[in-house]
Amino acid sequence: MFSTSGKPGSMMWRWESNSAVSMGGYPSEWVGACLERSPICSLGHFTVVLSSHIRRSVSGIPYLPPWVARRPPPLVTPHIEGASTMSSPSPASTPSSTTGPQRREVFSSRYVFMLAAIGSAVGLGNIWRFPYVAYDNGGGAFLIPYLIALLTAGIPLLFLDFALGHRYRGSAPLVFRRFKKRTEPLGWIQVGIAFFITIYYAVIIGWAGLYAIKSLTQAWGDDPDTYFFSDFLQFDAESAFSLDIVPQIALALFFVWLLAIIVLAVGVDKGIGKVSMIFMPILVITFLIVCIRAVFLPGAEVGLDALFTPDWSALTNPTVWVAAYGQIFFSLSVGFGIMLTYSSYLKPRTNLTGTGLVTGFANSSFEVLAGIGVFAALGFMAVQANVAVDEVATSGIGLAFVAFPAIINQMPLGGLFGFLFFASLFLAGFTSLFSLLEVVVSAVKDKFDLQRKTAAVSVGVVMAILSLMLFSTTSGLATLDIMDKFTNNVGIVAIALIVVIVVDWVLRRIDEFSMHLNSVSSFRVNTLWRICVVNITTLVLGFTLIQELITLSQEPYGGYSELQVALFGWAVLAIIVVVAIIAPLVPWPSHLSVDGPPGSDFGVLPEFRRAYHRPRRWGSDADFEPFDPTENALAVPVITNTTPEGRTTP
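Residues in the sequence shown are numbered from 1 upward in steps of one, following UniProt numbering.
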């Protein structure tokens, strides 16, 4: 510790040791850093007075100003006489901050992050999946299990993703490596799932972009079904795999990938953040116009009645509840690295739970809005064709590229309506696309210590080539359908279930994340959150996964050949697992801290960070973890001056 002595107008202090000897409950290094920061007055003796109102973290560790956390203990003995200012440690005696890793990119504000997170969550499934799922599972009554699923699974899992990424500051593999060395493969599984989803998701966005242009002339004619499958996709149902490229699909896909690579190469805030700030308001305004126009179509009330008329008996059907949890789970982009990666770009003190609540409810609000717009349009279509709504109601690709073009043909100003609808699909899909791509780019960037532009271009080009080879061909639709089924319904569900089991049931560290959430957030989580994550989510995900595996093992999916299902379904899952086993064998860059929360990634020097430890309370096999001062809020050490007359002044 240090000592002070001298006469009025002078001060002498020195470091007696570098050990964390406590002064008033604070390690002497912290107090020394405070003194080093403050200017020296010329009036008498100094005393260090720590405020009695200092906030403390949930673990009992005092909060520190960020500038204290960034300064290591001096390794020399300064000697200050009179009114001279205390000098900083010499460069030779202080570890150089220039040799460490660069500061991790951050979103410029919570608002920018929130728009990026909402943009990731609001995707194609909100528009073409939710309306039919709600209609097919009890109509208006479905909103009850849907809301319960949002509160008991969707938002709690979103909180967990936010806490993992924000606490361990990295891509998915780096986060799990820092969390526990043996859990790094979990991060690579998430990267693998995001990789395969991205390469087929991009082609749907390309379709939407082309259809937005074709809507102006209604190029599909009187038979949208035949046009889409035969003329537009040139789909060959007999071919298991083809390399026959469809030129217009390939060209659209090329531009989608080019735009995505540019956005990610620019950076997190200037690329992802700025594009989200532009695209999301445009998406909301555009789709709101679509919904308002649809609601005022003749027969819209028929479609809305079909959607919102409740079938209360559906609430006793377990399948309806599973459908509600599945819709929430797939819609919120949780469990496979997106929200985890995004939250790693947040500033140290960001309201995680408040942001999670806004993201969750904004996503669900958009889904309900989509349900209104879609079924109002389907009601118009049913009345025009003089059939029941259930005869025209559909979901997915059939809804977007067959049913809606038929609706556009029958409505006034259909070309403008079609352009706005497909532009909405494009915007919703694109904001989700670059969030998926960022999961892969961030992992490669961290693992191989690449610059962002290099990582974005390298990863983007490889994925674009693979995407063009598989999905711009005459067999692309079948490949897309199979890969989507296995990566979403098996891959995402399985990895989310494994992560929850590992975090709590195996390592019993769920309390670590509840403490982290509470240390930075306005809305505090408690035992109810842990019950939702550990018990309810585990039960629902486990049941869903078992159900899917049984269904897929009984017969080939979708009537496709066994070769197609094996090649683009089971083999894809096997590749993901193999890569997840091999990738951890590649060493991380030497300058990266891979053990515990990365204080050094915030500018906290490793030597300073490793000097302090606090006991773990969550029962893992390690006794201590590094203390990261940057997690905590600010406290203000007060420096006072004793005058020759005995008075104490600031």
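Heads up, the beta-carbon is just placed ideally off N, CA and C, and yes, glycines get one too.
All values reported here derive from a predicted model rather than from experimental measurement.
{"Query": "Just curious, the alpha helix (DSSP H) that residue 321 is in, first and last residue?", "Result": "318-331"}
{"Query": "Suppose the cutoff is 6 Å on Cβ atoms and the five residues either side in sequence are ignored; what does the same chain contact list for residue 176 look like?", "Result": "183, 184, 186 and 187"}
{"Query": "Just to check my reading of the structure: residue 297 and residue 377 have Cβ atoms closer than 8 Å, yes? What is that Cβ distance to the nearest angstrom?", "Result": "7 Å"}
{"Query": "Where do the N-terminal and C-terminal ends of the alpha helix (DSSP H) with residue 201 fall, by residue?", "Result": "184-215"}
{"Query": "Quick test of your reading: residue 353 and residue 159, contact by CB under 8 Å. State the CB separation rounded to the nearest angstrom.", "Result": "6 Å"}
{"Query": "Under the rule that 16 or more other beta-carbon atoms within 10 Å means buried, what is residue 312, buried or exposed?", "Result": "exposed"}
{"Query": "If you count every other CB in all the chains shown that lies within 10 Å of the CB of residue 516, and 16 or more means buried, which is it?", "Result": "buried"}
{"Query": "For the region 187-203 and the region 406-425, state whether three or more C-beta atom pairs, one from each stretch, are separated by less than 8 Å.", "Result": "no"}
{"Query": "Helix, strand or coil, according to DSSP, for residue 537 in the structure here?", "Result": "helix"}
{"Query": "Secondary structure at residue 473, three-state DSSP: helix, strand or coil?", "Result": "strand"}
{"Query": "Count the other CB atoms within 10 Å of the CB of residue 103; is the residue buried (16 or more) or exposed (fewer)?", "Result": "exposed"}
{"Query": "Is the distance from the Cβ of residue 522 to the Cβ of residue 351 below 8 Å?", "Result": "yes"}
{"Query": "Say whether the region 241-261 touches the region 467-484, bearing in mind that this needs 3 or more beta-carbon pairs closer than 8 Å, one atom from each stretch.", "Result": "yes"}
{"Query": "If we ignore side chains and look at the alpha-carbon of each, how far apart do residue 368 and residue 127 end up?", "Result": "9 Å"}
{"Query": "Would you say residue 190 and residue 163 are within 8 Å of each other, going by their C-beta atoms?", "Result": "no"}
{"Query": "Check each candidate in 345, 290, 181 and 318 and name the one with the smallest Cα separation from residue 584.", "Result": "181"}
{"Query": "Answer with buried or exposed for residue 578, where buried requires no fewer than 16 other C-beta atoms within 10 angstroms of its C-beta.", "Result": "exposed"}
{"Query": "Decide if residue 395 is buried, meaning its Cβ has at least 16 other Cβ atoms within 10 Å, or exposed.", "Result": "buried"}
{"Query": "Which ranges does the alpha helix (DSSP H) cover as unbroken runs of at least 4 residues, wholly within the region 554-589, from first to last along the chain?", "Result": "562-565 and 571-582"}
{"Query": "Spatial neighbours of residue 323 within its chain, please: CB distance less than 7 Å, with the 5 preceding and 5 following residues excluded, ordered by chain position.", "Result": "133 and 137"}
{"Query": "Could you give the residue range of the alpha helix (DSSP H) that holds residue 410?", "Result": "404-410"}
{"Query": "To the nearest angstrom, how far is it from the Cα of residue 147 to the Cα of residue 179?", "Result": "32 Å"}
{"Query": "By the 10 Å Cβ neighbour count, where 16 or more other Cβ atoms means buried, how is residue 234 classified, buried or exposed?", "Result": "buried"}
{"Query": "Identify every residue that forms a DSSP beta bridge with residue 245.", "Result": "473"}
{"Query": "Given a cut-off of 8 Å, decide if residue 194 and residue 497 are closer than it, judged by their beta-carbon atoms.", "Result": "no"}
{"Query": "Straight-line CA distance for residue 524 to residue 588?", "Result": "35 Å"}
{"Query": "In whole angstroms, what is the alpha-carbon distance linking residue 550 and residue 390?", "Result": "29 Å"}
{"Query": "Tell me, to the nearest whole angstrom, how far the beta carbon of residue 456 is from that of residue 278; I am working on the premise that it is less than 8 Å.", "Result": "Not really, about 19 Å apart at Cβ, beyond 8 Å."}
{"Query": "I'd like to check one pair, residue 291 with residue 373: are the Cβ atoms closer than 8 Å?", "Result": "yes"}
{"Query": "With a 10 Å radius around its C-beta and 16 neighbouring C-beta atoms as the bar for buried, classify residue 506 as buried or exposed.", "Result": "exposed"}
{"Query": "Comparing the C-beta of residue 463 with each C-beta of chain B, is any distance below 8 Å?", "Result": "Protein chains in the displayed structure number just one, and chain B is not present."}
{"Query": "Can you tell which of 542, 429, 538 and 470 has the C-alpha that lies nearest to the C-alpha of residue 207?", "Result": "429"}
{"Query": "Could you give the residue range of the alpha helix (DSSP H) that holds residue 654?", "Result": "Within the shown structure, residues of the chain are numbered from 1 to 650, placing residue 654 beyond reach of any answer."}
{"Query": "Rounded to the nearest angstrom, what separates residue 308 and residue 419 at their Cα positions?", "Result": "27 Å"}
{"Query": "Suppose you measure from the CA of residue 562 to the CA of residue 575; what does that come to, to the nearest Å?", "Result": "18 Å"}
{"Query": "Mind the definition here: the region 481-494 touches the region 298-306 only if three or more C-beta pairs lie below 8 Å; say whether that holds.", "Result": "no"}
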